[in-house]
Amino acid sequence: MNFNALPTVSFTPTPDSFPFESKQLSLADKVRVQLGCEFDVAPSPSNGIFPKGPLSLSTPHAEVWIQGKQILVRDRSSVHGTYVNGIRIQQQTLLQDGDLVTLGQQLSRSSASNTPDCQLKPIEASVTIVGV
Numbered sequence: 000m001n002f003n004a005l006p007t008v009s010f011t012p013t014p015d016s017f018p019f020e021s022k023q024l025s026l027a028d029k030v031r032v033q034l035g036c037e038f039d040v041a042p043s044p045s046n047g048i049f050p051k052g053p054l055s056l057s058t059p060h061a062e063v064w065i066q067g068k069q070i071l072v073r074d075r076s077s078v079h080g081t082y083v084n085g086i087r088i089q090q091q092t093l094l095q096d097g098d099l100v101t102l103g104q105q106l107s108r109s110s111a112s113n114t115p116d117c118q119l120k121p122i123e124a125s126v127t128i129v130g131v
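Numbering (numbering that gives the first Met the number 0) for the sequence shown: 0 to 131.
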């Protein structure tokens with residue numbers, strides 16, 4: 000076991016999510032990792048940036064960090080909210096292994112819209128925590 004490794008939180012897309020590559024975020028003490036979409040930063044498996052596309056995903060949307068031996072998540076006043084296990088969070092919330100995190104919400108199609116179905120989906124991910 001590597002005792003120098005940072006704790007990690009992984010986000011793996013569910014079948015109901017906007018498609019994205021699984022993320023493995025290393026969490027250093029006192030560093031908050033932003034979750035959302037950015038126009039000048041490319042998404043990668045090791046950052047909190049998701050592909051541009053989900054209409055309910057804000058810039059920034061949420062943040063995740065480690066405090067002591069706990070992994071916490073907080074909404075950043077996003078329009079469509081951040082959810083843990085289906086409950087919209089209003090303050091920092093403890094994340095646990097196996098939780099379901101949703102950034103945004105499923106949007107309804109406007110009859111005049113030609114938006115692809117996938118862009119109406121939120122980011123939805125199962126959480127795996129290692130090293131805490």
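We treat Cβ as the ideally placed atom computed from N, Cα and C, and that holds for glycine.
Worksheet entry | Closest residue to residue 47 among 27, 62, 4 and 55 (Cα-Cα distance) | Looking at the Cα atoms, 62 is the closest of the given residues.
DSSP-derived helix/strand/coil call for residue 119: The answer is helix: DSSP assigns residue 119 an H, G or I state.
Does DSSP put residue 55 in a helix, in a strand, or in coil? Reduced to three states, the DSSP call for residue 55 is coil.
> Are the segment 103–110 and the segment 70–84 touching by the rule of at least three beta carbon pairs closer than 8 Å?
Replying inline: For the pair of segments examined, the segment 103–110 was found to touch the segment 70–84: the number of CB pairs separated by less than 8 Å reaches three.
Cβ pair count under 8 Å reaching 3, the segment 122–130 against the segment 88–102: Flag = yes, the segment 122–130 and the segment 88–102 touch.
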